[in-house]
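Just so you know, the protein sequences line up as chains X and Z, in that order.
Numbering-wise (this note's numbering), the first sequence opens with residue 1 and increments by one.
Numbering-wise (this note's numbering), the second sequence opens with residue 1001 and increments by one.
Here a beta-carbon is modelled for each residue, glycine too, at the ideal position from N, C-alpha and C.
Please read the structure below before turning to the comments.
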Amino acid sequence: MHHSNVYAVASKDIVFESFDGEAVVLDLSNGKYFGFSDSGSAVWQALSSGVGTQDLIGSIDAAALEAFVAQLVEFGLLAPSDAAPQPLPSDFPAALAAAREPLNVSIHDDLADLIIVDPIHEVEEPLGWPAVKQAS
Amino acid sequence: MPRVTMATLPDYARYVIAAAEASAAHFPVTRTIRLPGLELTAHLGPGIFADSLGRAFIEAESDRPDVRRLRIFVGHPGIGNLPEPAHWGDAHFTEHGFAQKLAEAGLRGLHFHDLDFWQLQDLGQRVGVQLMRSADAFPPWEPGSPLRAFLHWEYAARGMRLTHAGTLGFDGKGVLLAGAGGAGKSGTVVAGLLNGLDSVGDDYVLVDLEGGVSARPLFSTLKQDPRGFARLGLKTRLGADGLLNWQGKHTFHIEEIAPRPIPATLDIFALIVPHIGSGGTSSIMPMSRRDAMIALAPSGIAQMPGERESGFRFFSDLTRLLPCYRLSLGPDPEEIAGTIADFLARGG
């Protein structure tokens, strides 16, 4: 059954750590970093743990949450999940109440990888390593 | 010219390493470098790269009982049976995919496409190869911190980390200075050294979290752009006759300006993120660990091939172990050094 309001971390290349309640996420595949505001960190922790967005509405403005989730999906950090929603962590209300910043995630990609595209089509001899002998 | 694809990458790495080992007797120069817990033996030919090995390191006393040995062959066709370095043959190349493919086979590697420059290491066999088209076909940044990728892989496998940070300290206690290029990190390290503080290096130092955070020296190279070089009085002190490096910077060595012998280690008690201030006096203020992590980790991970997730976890642990501060830099090097000396004397 598909729970449209449940999300999961988009891939195993998305890793994250928390610092005094503030999350930093790294996409290992491209070297992009994401820094979350305090309220954004609480929501990220909840969503990445499988809490459904429906369970967050009421604590957070629905439109702001929708925009925030859309941004996380666009960044490739979250993806829709078929899993059943998990219960809201008991410390979520306190974390949100203590938050001073609006929902926000900032991207730090100054040092992210450049995708290098080799002009393979300009190589005349399609010889790989080791050279594979064709069966005659 | 042979080409390597993702599918053949591990086999190619093993082929190159085997070819180097089989050619060991043909390398004309052997240099042994003693680093913390590591004896690195480099087999190579004469030239600029060999010269850089003689100058770029701060060698360690035998400080640990668990010294390991690592052999690195630096060569090119013409030495024994070393092959021509291969081209990369896939349409796409991502550093992470490249590193993952090698890691699955117990290997580590780096490929610089423009020069068909390869650095490949077998962690289990403790042997690595830097394969080049010719003796001088290496990226221009290599002589400043030669073989750093091999050291990065070796130390990462042992739970330590080459960390892109500067250091300053006094009486065995010190701070890490982190941040992207242009933030004032290197100028701060030089200002401190010129005014009586110690350092175990700028750019890349070896950080260990075992029993508290410590930093050890590896590379002796310091850099300053011509403006900083003049502002810090280095033009008068060192002369300005040397060639500028590939970044247009003066390079010199820590021993040339250090007030006393380089300490074998600094016990690190704070992580400091410098930035150029608005012209007033220097100040040190607390900052969030999240922001300090984002200042510290990206350059340390991006500049080192592979070990991305372990690096992220390592720098996270490091950041959580230390109080974090933002250093607003004033214009006067002596005043900057005084601010840090006061901070060191207070212990944070």
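Please report the straight-line C-alpha distance between residue i and residue j, rounded to a whole angstrom.
i: residue 1263 of chain Z; j: residue 1068 of chain Z; result: 21 angstroms
i: residue 114 of chain X; j: residue 1260 of chain Z; result: Caution applies to residue 114 of chain X, whose pLDDT of 47 falls short of 50 and renders its modelled position unreliable; the value that the coordinates give is listed next. C-alpha separation (whole angstroms): 42 angstroms.
i: residue 1331 of chain Z; j: residue 1226 of chain Z; result: 16 angstroms
i: residue 1348 of chain Z; j: residue 105 of chain X; result: 31 angstroms
i: residue 1299 of chain Z; j: residue 1164 of chain Z; result: 7 angstroms
i: residue 1154 of chain Z; j: residue 1119 of chain Z; result: 13 angstroms
i: residue 1282 of chain Z; j: residue 39 of chain X; result: 32 angstroms
i: residue 100 of chain X; j: residue 41 of chain X; result: 12 angstroms
i: residue 1276 of chain Z; j: residue 1183 of chain Z; result: 6 angstroms
i: residue 1309 of chain Z; j: residue 1045 of chain Z; result: 35 angstroms
i: residue 8 of chain X; j: residue 1022 of chain Z; result: 50 angstroms
i: residue 1344 of chain Z; j: residue 1156 of chain Z; result: 29 angstroms
i: residue 1056 of chain Z; j: residue 91 of chain X; result: 51 angstroms
i: residue 54 of chain X; j: residue 1305 of chain Z; result: 41 angstroms
i: residue 20 of chain X; j: residue 94 of chain X; result: 14 angstroms
i: residue 1221 of chain Z; j: residue 108 of chain X; result: 28 angstroms
i: residue 12 of chain X; j: residue 1088 of chain Z; result: 26 angstroms
i: residue 102 of chain X; j: residue 1311 of chain Z; result: 30 angstroms
i: residue 1058 of chain Z; j: residue 1128 of chain Z; result: 21 angstroms
i: residue 1257 of chain Z; j: residue 1198 of chain Z; result: 10 angstroms
i: residue 1003 of chain Z; j: residue 1086 of chain Z; result: 5 angstroms
i: residue 1178 of chain Z; j: residue 1210 of chain Z; result: 20 angstroms
i: residue 1254 of chain Z; j: residue 1201 of chain Z; result: 7 angstroms
i: residue 1011 of chain Z; j: residue 1107 of chain Z; result: 10 angstroms
i: residue 77 of chain X; j: residue 1093 of chain Z; result: 22 angstroms
i: residue 1167 of chain Z; j: residue 1320 of chain Z; result: 18 angstroms
i: residue 28 of chain X; j: residue 1241 of chain Z; result: 43 angstroms
i: residue 123 of chain X; j: residue 79 of chain X; result: Unreliable positioning characterises residue 123 of chain X in this predicted model, as indicated by a pLDDT of 35, which lies under 50. A coordinate reading is not provided.
i: residue 1077 of chain Z; j: residue 1096 of chain Z; result: 28 angstroms
i: residue 69 of chain X; j: residue 1327 of chain Z; result: 35 angstroms
Going by DSSP, what residues sit across from residue i in a beta bridge?
i: residue 1216 of chain Z; result: Z:1206
i: residue 1100 of chain Z; result: BP columns for residue 1100 of chain Z are empty, so no partner.
i: residue 1109 of chain Z; result: Z:1120
i: residue 1088 of chain Z; result: Z:1004
i: residue 78 of chain X; result: X:9
i: residue 1241 of chain Z; result: None, per the DSSP bridge assignment.
i: residue 1272 of chain Z; result: Z:1177, Z:1325
i: residue 1029 of chain Z; result: Z:1044
What first and last residue would you give for the alpha helix (DSSP H) that runs through residue i?
i: residue 1036 of chain Z; result: It is not in any alpha helix (DSSP H) - residue 1036 of chain Z carries neither H nor E in the DSSP assignment.
i: residue 1051 of chain Z; result: 1048–1056
i: residue 71 of chain X; result: 62–74
i: residue 1343 of chain Z; result: 1333–1346
i: residue 1238 of chain Z; result: 1234–1238
i: residue 1014 of chain Z; result: 1009–1022
i: residue 1231 of chain Z; result: 1226–1231
I'd like the span of the beta strand (DSSP E) that includes residue i, first residue to last.
i: residue 1141 of chain Z; result: Looking at the DSSP string, residue 1141 of chain Z is not in any beta strand (DSSP E), and its letter there is neither H nor E.
i: residue 1251 of chain Z; result: 1250–1253
i: residue 56 of chain X; result: From DSSP, residue 56 of chain X is part of no beta strand (DSSP E); its letter is neither H nor E.
i: residue 89 of chain X; result: Looking at the DSSP string, residue 89 of chain X is not in any beta strand (DSSP E), and its letter there is neither H nor E.
i: residue 1073 of chain Z; result: 1068–1075
i: residue 1186 of chain Z; result: Per DSSP, residue 1186 of chain Z belongs to no beta strand (DSSP E); it is in the alpha helix (DSSP H), 1185–1194.
i: residue 1329 of chain Z; result: 1324–1329
i: residue 108 of chain X; result: 105–108
What residues in the stretch 46–61 of chain X bring their beta carbon closer than 8 angstroms to a beta carbon of chain Z? Going along the stretch 46–61 of chain X in chain order, one finds no residue with a Cβ nearer than 8 angstroms to chain Z.
Along the stretch 64–75 of chain X, what residues have a CB closer than 7 angstroms to any CB found in chain Z? Against chain Z - using a Cβ distance shorter than 7 angstroms - the stretch 64–75 of chain X contributes no residues.
Using a beta-carbon distance cut-off of less than 9 angstroms, what residues from the stretch 1266–1300 of chain Z approach chain X? Residues 1288, 1289, 1290, 1291, 1292, 1293, 1294, 1297, 1298, 1299.
Proximal residues, the stretch 8–22 of chain X versus chain Z, C-beta separation under 8 angstroms: Listed by position along the chain: 13, 15, 17, 19, 20, 22.
Where in the stretch 5–50 of chain X do unbroken runs of the beta strand (DSSP E), each at least 3 residues long, occur, reported from the N-terminal end onward? With a minimum length of 3 residues, the continuous beta strand (DSSP E) runs that stay inside the stretch 5–50 of chain X are 7–9, 14–19, 22–27, 32–36.
Hey, which unbroken runs of the alpha helix (DSSP H) at 4 residues or more fall wholly within the stretch 1116–1175 of chain Z? Listed in chain order, they are 1148–1157.
Along the chain, which unbroken stretches of the alpha helix (DSSP H) at least 4 residues long are found entirely within the stretch 1276–1318 of chain Z? DSSP runs (the alpha helix (DSSP H)) wholly in the stretch 1276–1318 of chain Z: 1289–1302.
Check each residue of the stretch 20–45 of chain X: if its Cβ is closer than 7 angstroms to any Cβ of chain Z, include it; give the result in chain order. Taking 7 angstroms as the Cβ-Cβ cut-off, the stretch 20–45 of chain X approaches chain Z at 20, 22, 24, 26, 28, 29, 31, 33, 35, given in chain order.
The stretch 1302–1322 of chain Z: positions lying closer than 7 angstroms to chain X by Cβ: So the close ones are 1302, 1308, 1309, 1312, 1316, 1319, 1320.
Interface residues of the stretch 1093–1106 of chain Z facing chain X [CB-CB below 7 angstroms]: If the cut-off is 7 angstroms between Cβ atoms, the stretch 1093–1106 of chain Z has 1093, 1094, 1095, 1096 near chain X.
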